[in-house]
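In what follows, a structure is listed as structure tokens, so that the remarks can point back to it.
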Amino acid sequence: MFWNDLLLSSAQSLRRNRGRTILTILGIVIGIAAVMMMLSIGRSSEGLILNQVANLGSDLVFVEASSGDPMSGPPSPYIEQTLTLEDITELQESGLFFSVTGVVQSSAPITREEESKYIQVVGANEAYLDVFPAEMASGRFLDDTDVDSYAKVVVLGKTIAEDLFGDQDPVGQTVKLKKTTLKVIGVLPTLGTRFFQNQDEQIIVPITTAQRDIFGIENVTYIAAKAIGDIETTKEETAWIMRDSHNLDNPEGDTKKDDFYVSSQSDAAEIIGVVGGVLTILLASIAAISLIVGGIGIMNIMLVSVTERTKEIGLRKAIGATYKEILQQFLLESVLLTFVGGLVGIVIGVGMSLLIGFAVGQYVDGWSAKVPIDAMLMGVLVSTTVGIVFGLYPARRAAKLDPIEALRYE
Amino acid sequence: MSEPLFSLKGLVKTYQNGEVNTPVLQGVDLKVEKGEFVALMGPSGSGKSTLMHILGFLDRLTSGSYLFSGRDVSQMTDDDLAHERSREVGFVFQSFNLLAKSTVIENVMLPMLYAKVPKKEREERAMNALRAVGIEHRANYVSNTISGGEKQRVAIARALVNSPSVIFADEPTGNLDTKSGEAVLAIFQDLHEKQGRTIVMVTHELEAAEFADRIVRIRDGVIESDEKNLNKRRGGYYK
Chain P
1 MFWNDLLLSS AQSLRRNRGR TILTILGIVI GIAAVMMMLS IGRSSEGLIL
51 NQVANLGSDL VFVEASSGDP MSGPPSPYIE QTLTLEDITE LQESGLFFSV
101 TGVVQSSAPI TREEESKYIQ VVGANEAYLD VFPAEMASGR FLDDTDVDSY
151 AKVVVLGKTI AEDLFGDQDP VGQTVKLKKT TLKVIGVLPT LGTRFFQNQD
201 EQIIVPITTA QRDIFGIENV TYIAAKAIGD IETTKEETAW IMRDSHNLDN
251 PEGDTKKDDF YVSSQSDAAE IIGVVGGVLT ILLASIAAIS LIVGGIGIMN
301 IMLVSVTERT KEIGLRKAIG ATYKEILQQF LLESVLLTFV GGLVGIVIGV
351 GMSLLIGFAV GQYVDGWSAK VPIDAMLMGV LVSTTVGIVF GLYPARRAAK
401 LDPIEALRYE
Chain G
411 MSEPLFSLKG LVKTYQNGEV NTPVLQGVDL KVEKGEFVAL MGPSGSGKST
461 LMHILGFLDR LTSGSYLFSG RDVSQMTDDD LAHERSREVG FVFQSFNLLA
511 KSTVIENVML PMLYAKVPKK EREERAMNAL RAVGIEHRAN YVSNTISGGE
561 KQRVAIARAL VNSPSVIFAD EPTGNLDTKS GEAVLAIFQD LHEKQGRTIV
611 MVTHELEAAE FADRIVRIRD GVIESDEKNL NKRRGGYYK
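These protein sequence lines map, in sequence, to chains P and G.
Note that the numbering used here gives residue 289 to position 289 of the first sequence, counting from 1, and the numbers run on in steps of one.
Note that the numbering used here gives residue 550 to position 140 of the second sequence, counting from 1, and the numbers run on in steps of one.
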């Protein structure tokens, strides 16, 4: 039989049972749409995360307190805060870095007149702006005198400055952080989010002031440093300096014995890539289950259709149809069903992805809806395969019918 | 003299149902020449339908020999049989077996699909076949909207359309009233006399069988009598 005749007659028979056809492909439509949406969301969030990581800068080395290598096992519930100001000095003197800043980070309420807000407080030194480059919107940044003298000064993020001072220039005015009165010396420009922290809702105070006067602690949350040479070598060197500084007995350089963890942008990207990949696979497999259910639905309907059309099959065989021709006819019908279902599913899935992207984009900065072309092609391929796999059994049943019995069937 | 169209020798057909063997045909010898109009008569269960199915390549024989135009049918594969059905035979059934939701002309074109007739030829040949049975005015009607007599004419047109060597009719008048039944039989007679078509008709009604030239009676799986029809009835004007 000619393929275009076959296609035409299959399309015709599906059109004649329009209501049933629509109900049948619904399962495939939903399945493919779900897979498309899950893949799109997965890719979009991965893109968002990688974008955030990229904002960290590729030449930065981070040191944080840790009980061993976080990549090598489950995270410890308790991490001893081992980093100190001396570590910062050691790294500054190592000659490995252009600049090194320690960061103390926590949250606290800030007050000006009646206005009060709970915000992120960053304690840093004068090198902070060299590590995370930015121009000042107004005023100046912290300098070494501020840090050395425990100065009661603060640099405000853009949003906080606007919230507390409105149209006024905050520079020279005072705010209260917990119970400490601080003088505003500068305002940062709009910086957006970096590694999921909105920098416009942070304030920066001297690290010394933050430790002694505001939080009453002695440790440093993390150290960020801008490397001069190759990043991997610098990480290695940094670890040895830290072991020396902490007096660790770890001559073989086993990261599991360290009380700190040295990382860079690429490590973060790697971890997040793995997590994102697992998440995407998980979401897509859940969606794929609906495809199997959809396929079983197709098989059911095709079996019903074969039974209903037993007489027709008998007739077709009586007028000369071969086994192969009957098989092709029914297989083509089920593939046509799933193919059309797949196309509709892709359209709906893409539409929903864009809609979700638009909605999420209202709340999350830097979220862009990604419509993966490869996923669309895969959707077509998968739906067609579902048609072949689940159509094969009913089609074989039709093709194997005995013409005489089929003609007698009532 | 050329080969007979059918040549059966000691044809046996046994149905196997689990452990039980049911003999249906028990040694049938039959020759049919090209251009004959034969009626196969017999009560129900006599084996006449089975004989027709075997002759029409729908069923296989158990033993004996069946030569079709000199070719040994028992050696044919399933695909060969399908091929023979497509080229050499046309079937007309008691219950018409038209595709109910397709149009008349689509039904008539269907056999040409399997015979791989080029598209542009199909419509013309289908219209010619419809004209030959006087039903061309119904060409674009959906088949379940026409009458039983008309349906059977469409079925005859469908059987004719590939110009087969033989047309098999299985109780073609069984579902029709007398008038439409006689019209259908008159068409067979016409096809036989004017176009020289070979027709084998299975029936249990004598009135129908009397339209044929030769009447073969079957009983309990064997041929009981095989004689020329001396009381030939003639169909009236059917168009």
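For glycine and all other residues, C-beta sits at the position ideal for the given N, C-alpha and C.
Does the count of Cβ pairs from the region 267 to 279 of chain P and the region 37 to 57 of chain P closer than 8 Å reach three?
yes
For lysine 511(G), return the contacting residues in chain P, with the cut-off set at a CB-CB distance below 7 Å.
Residues of chain P passing the Cβ test: Arg16.
Beta-carbon of glycine 320(P) versus every beta-carbon of chain G: anything under 7 Å?
True, the Cβ-Cβ gap to chain G drops below 7 Å.
Considering alanine 124(P), what are the terminal residues of the beta strand (DSSP E) in which it resides?
115 to 124
Here's the rule: buried if 16 or more other CB atoms are within 10 angstroms of the residue's CB, otherwise exposed. What is tyrosine 363(P)?
exposed
Per DSSP, alanine 579(G) is paired with what?
Val502(G) and Met611(G)
Counting only runs of 4+ residues fully inside the region 518 to 578 of chain G, write out the alpha helix (DSSP H) ranges in chain order.
Within the region 518 to 578 of chain G, the complete alpha helix (DSSP H) segments of 4 residues or longer fall at 529 to 542 and 558 to 570, listed in chain order.
Taking all protein chains shown into account, do 16 or more other C-beta atoms lie within 10 angstroms of the C-beta of asparagine 4(P), making it buried, or fewer, making it exposed?
exposed
Quick one: what does DSSP say tyrosine 128(P) is sitting in, helix, strand or coil?
helix
Got a sec, what are the start and stop residues for the beta strand (DSSP E) asparagine 427(G) sits in?
416 to 427
What is the rounded straight-line gap between the Cα of phenylalanine 416(G) and the Cα of tyrosine 476(G)?
7 Å
Could you work out which residues of chain P lie near tyrosine 524(G), taking near to mean beta carbons separated by less than 9 Å?
Met1, Arg316, Ile319, Gly320, Ala321, Thr322 and Glu325
Closer than 7 Å, CB to CB, is isoleucine 32(P) near chain G or not?
no
Could you check what DSSP says for phenylalanine 439(G) in three-state terms: helix, strand or coil?
As written in the sequence, residue 439(G) is aspartate, which differs from the phenylalanine given in the question. Residue state, collapsed to three classes: strand.
Under DSSP, the alpha helix (DSSP H) around valine 274(P) begins and ends at which residues?
Annotation for valine 274(P): the continuous alpha helix (DSSP H) segment containing it runs 265 to 308.
Using a cut-off of 8 Å between C-beta atoms, extract the partners of leucine 407(P) located in chain G.
Phe503 and Asn507
Along the chain, where does the alpha helix (DSSP H) containing phenylalanine 330(P) start, and where does it finish?
Counting along the chain, the alpha helix (DSSP H) containing phenylalanine 330(P) begins and ends at 323 to 361.
Report yes or no: is there a C-beta of chain P within less than 7 Å of the C-beta of aspartate 623(G)?
No, because no Cβ of chain P sits closer than 7 Å to the Cβ of aspartate 623(G).
Tyrosine 128(P): buried (16+ other C-beta within 10 angstroms of its C-beta) or exposed?
So tyrosine 128(P) counts as buried.
Could you give the C-beta distance for glycine 466(G) and lysine 419(G), rounded to a whole number, given that I count them as a contact under 8 Å?
Between glycine 466(G) and lysine 419(G), the beta carbon gap of about 18 Å keeps them out of contact (Cβ cut-off 8 Å).
So for threonine 513(G), helix, strand or coil by DSSP?
strand
Do you know how far the Cα of alanine 287(P) is from the Cα of arginine 541(G)?
57 Å
Quick one: residues in its chain with C-beta nearer than 6 Å to the C-beta of threonine 208(P), no 5 flanking neighbours on either side, listed in chain order?
If we look at threonine 208(P) and ignore the five residues flanking it on each side, its Cβ neighbours are Val147 and Tyr150.
Go ahead and label phenylalanine 447(G) buried or exposed: buried means 16 or more other beta carbons lie within 10 angstroms of its beta carbon, across all protein chains shown.
buried
Taking the straight line between their C-alpha atoms, what separation do you get for glutamate 90(P) and serine 58(P)?
22 Å
Thinking C-beta only, is valine 543(G) closer than 7 Å to isoleucine 577(G)?
One thing to note: isoleucine 577(G) has its Cβ no nearer than 7 Å to the Cβ of valine 543(G).
Just how far apart, CA to CA, sit serine 496(G) and isoleucine 313(P)?
14 Å
For alanine 510(G) versus serine 454(G), is the C-beta distance shorter than 7 Å?
no
Leaving out five residues on either side along the sequence, give the residues of the same chain with a beta carbon under 6 Å from the beta carbon of valine 111(P).
It should be pointed out that residue 111(P) corresponds to threonine in this sequence rather than to valine. Excluding positions up to five away in sequence, the list reads Lys176.
Along the chain, where does the beta strand (DSSP E) that runs through leucine 461(G) open and close?
Note, leucine 461(G): premise wrong, no beta strand (DSSP E); alpha helix (DSSP H) at 458 to 465.
Histidine 463(G) versus chain P: which residues are under 9 Å apart at the beta carbon?
Pro403 and Ile404
Roughly how many angstroms separate the alpha carbons of serine 590(G) and glycine 584(G), rounded to a whole number?
11 Å
How far does the beta strand (DSSP E) with lysine 226(P) in it extend, from its first residue to its last?
222 to 227
Measuring CA to CA, which of Arg15(P), Val35(P) and Ala11(P) is closest to leucine 282(P)?
Of the residues Arg15(P), Val35(P) and Ala11(P), the one whose Cα lies closest to the Cα of leucine 282(P) is Val35(P).
Determine, using beta carbons only, whether alanine 492(G) comes closer than 7 Å to chain P.
Output row for alanine 492(G): interface = yes.
Cβ atoms of proline 170(P) and valine 184(P): under 7 Å apart, would you say?
Yes, they are a contact pair.
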